[in-house]
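Q:
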Amino acid sequence: IYTSCPDVCPLHAEKIAEVQTMVNSTPMKDRVVFISITTDPRKDTPDALKAYGPTHGLDPANWLFLTTAPDQPEDTIRKLAEAFGHKFTLTNDGYQMHGIVTHVIDREGRWRANFHGLNFQPINLVTFVNALTNNIERPHHEQDEGWLAKLKNLL
187 IYTSCPDVCP LHAEKIAEVQ TMVNSTPMKD RVVFISITTD PRKDTPDALK AYGPTHGLDP
247 ANWLFLTTAP DQPEDTIRKL AEAFGHKFTL TNDGYQMHGI VTHVIDREGR WRANFHGLNF
307 QPINLVTFVN ALTNNIERPH HEQDEGWLAK LKNLL
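Here the sequence shown stands for residues 187 to 341, numbered as in this note's numbering.
#1: Less than 6 angstroms between C-beta atoms, sequence neighbours within five positions excluded: which residues of the same chain meet that for L341?
#2: So, using beta-carbon positions, are I291 and L252 closer together than 8 angstroms?
#3: Rounded to whole angstroms, what's the CA-CA distance from W333 to P232? Just pull it up for me.
#4: Out of curiosity, what's the CA-to-CA distance linking A317 and R298?
#5: Which residues bound the beta strand (DSSP E) around M283?
#6: Hey, is the region 235-251 in contact with the region 262-277, meaning 3+ C-beta pairs nearer than 8 angstroms?
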């Protein structure tokens, strides 16, 4: 996110606030942490990020906002974003062109899923997270044969 985004960041925050409300009404509240990472550390100071959460319905009890420390290079966040496959471009008027992706990372730090854009139902993300928090899933080491193999088996 970046707090001065005039476009999808506020909508995304509000969508995830719906997910957080659902999660926090269950025992998962104590096992799930939501993290937003700013892509504009120059403007998104800790105080700016702290004010952003409540404005968009985010509960600070299990929501963290990350930015770079003053002694870190500014491109630290950009490198982190790129490691997760994010690309964003600064426009001439100071805004960022970017997409929206919600990443799900399990307790072992493994990247488990992406929910792209805003067109997903919050309950789908909550159901996925519930499966992870309750170990209702196939062990990570098992490989699914994939959709292409399934298609070939049908032919």
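C-beta: ideal position from N, C-alpha, C; glycine also. Fair warning: this is a prediction, and the values are worked out from it, not measured in the lab.
A: From the atom records:
#1: Here the model assigns L341 a pLDDT of 42, short of 50, so the residue's position is not dependable and the matter cannot be decided.
#2: no
#3: Model confidence at W333 stands at a pLDDT of 48, short of 50, so the residue's coordinates are unreliable and nothing is read from them.
#4: If you take the alpha carbons of A317 and R298, they lie about 11 angstroms apart.
#5: Here the beta strand (DSSP E) through M283 covers Q282 to H284.
#6: Contact check between the region 235-251 and the region 262-277: fewer than three CB pairs, one atom from each, fall below 8 angstroms, which does not count as touching.
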